Amino acid sequence: MSAGGPAGRSGAHGPLRGREPFPDAARRALADTQLRQNLARATRTIRARRAEVVGEVPDWEALREAGRAIRAEATQRLPELLETLEAQVVARGGTVHWARDAAEATRVVVNCVQATGAREVLKVKSMTTQEIGLNTALERAGIRPVETDLAELIVQLAGDTPSHIVVPAIHRNREEIRQLFRQHLPEAPAALGDDPQELAAVARRHLRQKFLRAPVAISGVNFAVAETGTLVVVESEGNGRMCLTLPSTLVTVMGIEKVIPRWRDLDVLLQLLPRSATGERMNPYTSMWTGVTPGDGPQTFHLVLVDGGRSRALADPIGREALRCIRCSACLNVCPVFERVGGHAYGSVYPGPIGAILTPQLTGRPGDRVTGSLPFASTLCGACLDACPVLIDIPQLLVHLRGVARAGARQGRRPPSPSTLAMGAAAWVMADGSRLGWAGRAARLGRRLPAAGLPPLARWLRTRDLPTPPPETFRAWWARTRRGRS
Amino acid sequence: MVGADPARPVVNARTVVLGRLRRALQPGVVPEPIVRAYRQAGPSPPGAPALLDRLQARLLDLGAGVRRTAPDTVAEVIAALLAARGATTVVVPAGLPRTFVPGAVVDAADRPAPTLDQVDLVVTGCAVAIAETGTLVLDGSPDQGRRALTLVPDWHIAVVAAARVVETLPEAIARLDPTRPLTFISGPSATSDIEFRRVEGVHGPRTLDVILVTTGG
Ligand code: SF4
Chain A
1 MSAGGPAGRS GAHGPLRGRE PFPDAARRAL ADTQLRQNLA RATRTIRARR AEVVGEVPDW
61 EALREAGRAI RAEATQRLPE LLETLEAQVV ARGGTVHWAR DAAEATRVVV NCVQATGARE
121 VLKVKSMTTQ EIGLNTALER AGIRPVETDL AELIVQLAGD TPSHIVVPAI HRNREEIRQL
181 FRQHLPEAPA ALGDDPQELA AVARRHLRQK FLRAPVAISG VNFAVAETGT LVVVESEGNG
241 RMCLTLPSTL VTVMGIEKVI PRWRDLDVLL QLLPRSATGE RMNPYTSMWT GVTPGDGPQT
301 FHLVLVDGGR SRALADPIGR EALRCIRCSA CLNVCPVFER VGGHAYGSVY PGPIGAILTP
361 QLTGRPGDRV TGSLPFASTL CGACLDACPV LIDIPQLLVH LRGVARAGAR QGRRPPSPST
421 LAMGAAAWVM ADGSRLGWAG RAARLGRRLP AAGLPPLARW LRTRDLPTPP PETFRAWWAR
481 TRRGRS
Chain B
487 MVGADPARPV VNARTVVLGR LRRALQPGVV PEPIVRAYRQ AGPSPPGAPA LLDRLQARLL
547 DLGAGVRRTA PDTVAEVIAA LLAARGATTV VVPAGLPRTF VPGAVVDAAD RPAPTLDQVD
607 LVVTGCAVAI AETGTLVLDG SPDQGRRALT LVPDWHIAVV AAARVVETLP EAIARLDPTR
667 PLTFISGPSA TSDIEFRRVE GVHGPRTLDV ILVTTGG
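Protein chains in written order, with the numbering used here: chain A, 1 to 486; chain B, 487 to 703.
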């Protein structure tokens with residue numbers, strides 16, 4: 001949309017802000033049976049696996065507590081850590097760029113690519129590059145971005161957007177994927193079947209030649225270690241390793257909150273992330289590199305540090321909590337609302353419970369009609385807090401953001417109509433067969449939630465002179481909204 | 487920008503972003519110390535038989551093959567693996583003992599990485615292995631070679647000395663040099679991107695075999 005325009009203008013938040021409020025988008029998603037079946041299956045499987053591999057770790061709670069503290073320290077020392085990271089990367093032969101917003105970040109990346117003369121670049125799955133709308137910017141500059149993650153490739157071929165953080169093409173079935181491959185990939189045989197093994201093999205053949213020839217790749221990162229300048233990419237397929245190793249130029253785009261203070265912090269985060277994300281003890285491949293290594297991997301390395309609303313989020317106690325997020329997607333997989341509507345309904349690169357917080361924070365528009373509707377897309381059941389590896393109290397933050405949205409409404413901005421939203425969210429959950437389990441659990445947790453006040457939030461609420469939103473249990477809320485309807 | 491190109495607007499971005507961040511934080515807030523109450527090490531010392539059993543079980547779980555052998559029979563075990571699959575072209579990093587795979591091509595820095603697509607397999611050493619997760623870590627040492635070497639060929643055989651097997655991730659992190667290029671490998675590559683069904687072997691080597699070299703019984 002208005003890439004290049006000043007941030008804050010309507011429509012300037014492209015990949016972060018949807019076109020319509022959550023309930024409208026969600027209603028359409030609910031009608032999509034394929035999506036609901038795939039999502040239910042995927043989230044159920046990941047939940048079971050995650051429970052198993054988390055349950056076997058005797059010190060899981062100690063790891064979560066350390067993870068919370070490490071990520072909190074990272075946000076509290078952010079400017080200093082970024083300077084250290086920059087110095088380390090530069091000392092080891094890398095180049096560091098800074099970008100205030102999405103437009104600047106995409107300009108920097110396009111320049112880096114243009115300097116090589118390449119007309120095609122390989123991309124590793126990266127939420128930050130989605131957030132800044134990088135593919136559109138590259139295409140506009142005459143450079144073809146090729147997604148190399150299988151799911152991202154499917155999404156790209158379909159002209160689609162991802163519907164889940166970790167399994168972005170979960171809304172597509174094998175038959176649709178077969179057709180996409182037959183239509184777009186020259187390597188696909190005419191008799192291509194719809195077996196996932198066969199489909200993955202076609203993607204392998206298609207991408208291998210590109211991996212071996214491509215001069216430039218673009219990646220994101222999962223973590224950046226300030227004290228050593230080491231960047232970390234966690235993946236499954238090996239497309240990450242290919243992109244980080246074979247091209248002669250690597251451009252890595254990172255949101256500035258991805259930094260962590262020290263090498264040793266990986267003790268904790270590399271245990272928390274794979275178990276929370278995919279329910280694996282360890283993901284198949286993790287790559288780490290520091291600047292440029294002579295004779296091994298890309299000999300030109302650019303690191304682009306993107307603010308994109310993070311400094312604004314940092315100034316806000318809710319935003320600061322949310323910046324601890326390590327994007328594991330555990331909160332999506334346990335969320336009864338996400339399980340039913342999927343990622344598209346949130347209209348943002350960051351869906352699900354954490355997306356409902358990050359999106360209004362990164363866009364700086366918590367009172368907006370669209371992004372302001374997101375905090376209402378939750379039953380406040382507490383499952384996300386239980387799952388979060390870095391102990392982000394998502395329900396508590398959502399309650400506060402609802403207050404902000406309501407306050408925005410009172411100030412005459414277009415209101416997100418809380419009662420409609422609440423009723424919508426409740427209706428989906430209660431229409432489901434497992435509602436008693438969720439509702440009972442919600443009631444239990446709901447009673448606990450208001451007491452679990454975070455000291456910084458409490459302080460913030462005092463200083464901001466905002467009314468504390470009335471804490472309400474799910475059951476009470478349901479009873480109220482249902483009465484209102486019948 | 488810091489580095490070769492002194493493009494002015496980007497210098498400005500750095501100042502602006504750092505300024506915003508400093509203003510966003512209240513001055514004088516000291517982060518709480520990190521309480522590392524988690525396990526820094528397992529009860530078994532590196533190379534303990536229990537660890538080797540665990541590593542083996544995890545690797546098998548992940549779809550890798552595992553052989554155990556004494557130091558003087560590594561070459562025989564490798565030869566048997568190659569014969570079983572009819573593999574003939576083998577590449578090894580310069581620092582791998584030549585006796586492991588007689589006749590293997592030694593990788594050279596000036597060999598273009600794409601040509602590695604034409605060899606049947608690569609045999610390397612391993613910096614550290616983590617029993618709890620079934621993970622091998624390569625750090626680019628002379629017996630492991632550059633990263634492309636263990637990535638492009640479709641078959642990777644890793645020779646792991648028992649003494650390099652630790653129990654937990656923190657033990658591995660403590661042993662590694664963060665400034666080297668590191669690759670953590672936990673089984674062959676895999677994807678669950680299509681209807682969340684697991685498919686093994688996407689872009690990395692589709693076959694991973696591990697040879698555990700034990701000195702005792
Ligand atoms: S909020 Fe917590 S659970 Fe959700 S994605 Fe972030 S780290 Fe994972």
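For every residue, glycine included, the Cβ atom is placed at its ideal position computed from N, Cα and C. As the structure is a computational prediction, the values presented were derived from the model and not from experiment.
Quick one: Cα of residue i to Cα of residue j, how far?
i: residue 298 of chain A; j: residue 238 of chain A; result: 16 Å
i: residue 531 of chain B; j: residue 617 of chain B; result: 11 Å
i: residue 89 of chain A; j: residue 224 of chain A; result: 10 Å
i: residue 165 of chain A; j: residue 561 of chain B; result: 45 Å
i: residue 644 of chain B; j: residue 614 of chain B; result: 11 Å
i: residue 464 of chain A; j: residue 302 of chain A; result: Note that residue 464 of chain A scores 31 on pLDDT, short of 50, meaning its location in the model is unreliable; the coordinates nonetheless yield the value given after this. If I take the Cα positions, the gap works out to 40 Å.
i: residue 523 of chain B; j: residue 635 of chain B; result: 38 Å
i: residue 353 of chain A; j: residue 158 of chain A; result: 26 Å
i: residue 667 of chain B; j: residue 291 of chain A; result: 9 Å
i: residue 115 of chain A; j: residue 137 of chain A; result: 16 Å
i: residue 32 of chain A; j: residue 175 of chain A; result: 16 Å
i: residue 658 of chain B; j: residue 376 of chain A; result: 43 Å
i: residue 139 of chain A; j: residue 145 of chain A; result: 7 Å
i: residue 286 of chain A; j: residue 191 of chain A; result: 35 Å
i: residue 362 of chain A; j: residue 162 of chain A; result: 19 Å
i: residue 650 of chain B; j: residue 600 of chain B; result: 31 Å
i: residue 488 of chain A; j: residue 206 of chain A; result: Beyond the ends of chain A as shown, which are 1 and 486, falls residue 488 of chain A; an answer cannot be given.
i: residue 673 of chain B; j: residue 595 of chain B; result: 27 Å
i: residue 374 of chain A; j: residue 340 of chain A; result: 15 Å
Between which residues of its own chain and residue i is the CB-CB distance below 8 Å, once the five residues before and five after are set aside?
i: residue 506 of chain B; result: none
i: residue 24 of chain A; result: none
i: residue 684 of chain B; result: 676, 677, 678
i: residue 576 of chain B; result: 568, 587, 589, 590, 591, 605, 606, 607, 608, 609
i: residue 528 of chain B; result: 537, 617, 618, 652, 653, 654, 657
i: residue 623 of chain B; result: 612, 613, 614, 615, 616, 658, 662, 668, 669, 670, 671
Keeping to the same chain, check which residues put their C-beta closer than 6 Å to that of residue i; ignore five residues upstream and five downstream.
i: residue 217 of chain A; result: 122, 243, 247, 250
i: residue 214 of chain A; result: 122, 247
i: residue 517 of chain B; result: none
i: residue 544 of chain B; result: 620
i: residue 118 of chain A; result: 215, 216
i: residue 257 of chain A; result: 310, 323
i: residue 53 of chain A; result: 275, 279, 281
i: residue 173 of chain A; result: 34
i: residue 20 of chain A; result: none
Contact criterion: CB-CB distance below 8 Å. Does residue i meet it with respect to chain D?
i: residue 680 of chain B; result: Absence of chain D from the displayed structure is noted, the protein chains being A and B.
Could you pull out every residue in the same chain whose Cβ sits closer than 7 Å to the Cβ of residue i, ignoring the five residues on either side in sequence?
i: residue 452 of chain A; result: Any answer about residue 452 of chain A is weak, because its pLDDT of 33 lies below 50 and its placement is not dependable; what the coordinates show is given next. Counting only Cβ-Cβ distances below 7 Å, and skipping sequence neighbours, we find 393, 396.
i: residue 98 of chain A; result: 305
i: residue 327 of chain A; result: 127, 165
i: residue 154 of chain A; result: 169, 172, 177, 180
Q.
By the 7 Å beta-carbon criterion, what residues does the stretch 161–188 of chain A contribute toward chain B?
A. 167, 169, 170, 173, 174, 177
**Q.** Inter-stretch contact at 8 Å, needing at least 3 Cβ pairs: the stretch 145–152 of chain A / the stretch 669–680 of chain B
**A.** yes
Q: Could you say if the stretch 316–324 of chain A and the stretch 333–340 of chain A meet the contact criterion of at least three C-beta pairs nearer than 8 Å?
A: no
Q) Is the stretch 568–587 of chain B close to the stretch 243–263 of chain A, with three or more CB pairs under 8 Å? A) no
Q. Is it true that the stretch 399–409 of chain A meets the stretch 351–371 of chain A, where meeting means three or more beta-carbon pairs spaced less than 8 Å apart?
A. yes
(Q) Short of 8 Å Cβ to Cβ, which residues in the stretch 54–86 of chain A face chain B? (A) 58, 59, 62, 63, 65, 66, 69, 70, 72, 73, 76, 77, 78, 79, 82, 83, 86
**Q.** Against chain A: residues of the stretch 567–591 of chain B by CB proximity under 8 Å
**A.** none
Q.
Restricting to runs no shorter than 3 residues, where is the beta strand (DSSP E) found entirely within the stretch 277–323 of chain A?
A. 285–290, 300–306
Q. The stretch 285–304 of chain A: which residues have C-beta closer than 7 Å to a C-beta of chain B, in chain order?
A. 285, 286, 287, 288, 289, 290, 293, 295, 296, 297
Q: Anything in the stretch 511–527 of chain B with a Cβ closer than 7 Å to a Cβ of chain A? List those residues in chain order, please.
A: 511, 515, 517, 518, 520, 521, 522, 523, 524, 525
Q) Residue ranges of each alpha helix (DSSP H) run of no fewer than 4 residues wholly in the stretch 624–654 of chain B, ordered along the chain? A) none
Q. Mind pulling the beta strand (DSSP E) runs of 3 or more residues that sit fully within the stretch 570–605 of chain B?
A. 576–578
**Q.** In chain order, each beta strand (DSSP E) run of at least 3 residues that lies wholly inside the stretch 152–222 of chain A
**A.** 216–219
Q. Do three or more CB pairs link the stretch 547–558 of chain B to the stretch 686–699 of chain B at distances below 8 Å?
A. yes
Q. Between the stretch 619–644 of chain B and chain A, which residues of the former have CB atoms less than 8 Å from a CB of the latter, in chain order?
A. 619, 620, 621, 626, 632, 633, 634, 637, 638
Q. Would you call the stretch 280–295 of chain A and the stretch 82–100 of chain A in contact, with 3 or more CB pairs under 8 Å?
A. yes
Q. Is the stretch 195–215 of chain A touching the stretch 263–271 of chain A, taking contact as three or more C-beta pairs under 8 Å?
A. no
Q. Hey, which unbroken runs of the alpha helix (DSSP H) at 4 residues or more fall wholly within the stretch 11–71 of chain A?
A. 22–30, 33–55
Q: Note down, one range per segment and in chain order, each alpha helix (DSSP H) of at least 4 residues found wholly within the stretch 487–547 of chain B.
A: 494–510, 535–547
Q: Could you list the residues in the stretch 220–238 of chain A with a C-beta less than 7 Å from some C-beta on chain B, going in chain order?
A: 225, 228, 230, 236, 237, 238
Q) Mind listing which residues of the stretch 38–49 of chain A have their C-beta closer than 7 Å to chain B's C-betas, in chain order? A) 38, 41, 42, 45
Q: Mind listing, in chain order, the continuous beta strand (DSSP E) runs of no fewer than 3 residues lying wholly within the stretch 82–163 of chain A?
A: 95–99, 120–123, 144–147
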